[in-house]
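Numbering (the working numbering), first residue to last: 1 to 140.
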């Protein structure tokens, strides 16, 4: 009852909508760095992100832009290569009447593979940032 009175609906909704995937990923990074259990690692990661929130926000913003550009540039480049192969190789040109369905499949498969590749990039950049700020906190 006291908890309901202290929070109005938008505040409770915003607290409930904390991105658990980011918290889990940060906690797992801290587990790898410090060798502690999940709960203390999650707390350490949360405090680390709060203390350096501006740097995390800027790096995540730039990282999201690179993530998006990387996914689309990989997908578009592969689709362009597929188009050039379909239109320039005579044996393919004779067999394929309409290259658009094949190019759509190439684009979708490239997007899936680029997503996997860029997720690795995203995890590595987050890990490097956590290592940096953990080192700054430990060594001053």
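Positions of the beta carbon are idealized from the N, C-alpha and C atoms, including for glycine.
Which class does residue 99 belong to by DSSP, given the choice of helix, strand or coil?
In the chain shown, residue 99 corresponds to position 99, counting from 1. Coil.
In the DSSP assignment, the alpha helix (DSSP H) including residue 35 goes from what residue to what residue?
In the chain shown, the residue the question calls residue 35 occupies position 35. Unbroken run through residue 35: none, as it is neither H nor E.
Buried or exposed: residue 75, going by 16 or more other Cβ atoms within 10 Å of its Cβ?
To locate residue 75, count along the chain shown from 1; it is residue 75. Under this definition residue 75 is a buried residue.
Beta-carbon spacing of residue 214, residue 51 below 9 Å
An answer regarding residue 214 cannot be provided, because it is not within the stretch 1 to 140 covered by the chain.
From what residue to what residue does the alpha helix (DSSP H) around residue 66 run?
By one-based count along the chain shown, residue 66 stands at place 66. Here the alpha helix (DSSP H) through residue 66 covers 53 to 88.
When you compare the CB positions of residue 48 and residue 78, do they come within less than 9 Å of one another, or not?
Within the chain shown, residue 48 is the residue found at index 48, counting from 1. Within the chain shown, residue 78 is the residue found at index 78, counting from 1. No; because the gap between Cβ atoms is not below 9 Å, this pair is not in contact.
Thinking just about the alpha-carbon of each residue, which of 65, 85, 34, 108 is nearest to the one in residue 135?
Walking along the chain shown from the start, residue 135 turns up at place 135. For the residues 65, 85, 34, 108, the minimum Cα distance to residue 135 belongs to 34.
Which class does residue 140 belong to by DSSP, given the choice of helix, strand or coil?
Numbered from its first residue, the chain shown carries residue 140 at position 140. Coil.
Cβ-Cβ separation, residue 29 to residue 127 (assumed contact under 8 Å), whole Å:
Residue numbering aside, residue 127 sits at position 127 when the chain shown is read from its first letter. Residue numbering aside, residue 29 sits at position 29 when the chain shown is read from its first letter. Right, their Cβ atoms sit about 5 Å apart.
What's the gap between the Cα of residue 100 and the Cα of residue 90?
For this step, residue 100 is matched to residue 100 along the chain shown. For this step, residue 90 is matched to residue 90 along the chain shown. About 17 Å.
For the putative contact between residue 86 and residue 92, defined by C-beta atoms under 8 Å, what is the C-beta separation to the nearest angstrom?
Reading the chain shown from its first residue, position 86 is the one you call residue 86. Reading the chain shown from its first residue, position 92 is the one you call residue 92. Between residue 92 and residue 86 the Cβ distance is about 5 Å, and since that is below 8 Å, they are a contact.
In its own chain, which residues sit with a C-beta less than 6 Å from the C-beta of residue 125, not counting the 5 before and 5 after it?
In the chain shown, residue 125 corresponds to position 125, counting from 1. Only 63 meet the Cβ criterion.
Which same chain residues end up closer than 6 Å to residue 44 when comparing Cβ atoms and leaving out the 5 residues on each side of it in sequence?
Locating residue 44 in the chain shown gives position 44, where the first residue counts as 1. Only 30 meet the Cβ criterion.
From 73, 54, 23, pick the residue whose C-alpha is nearest to that of residue 39; which is it?
Locating residue 39 in the chain shown gives position 39, counting from the first residue. Comparing Cα positions, the closest option is 23.
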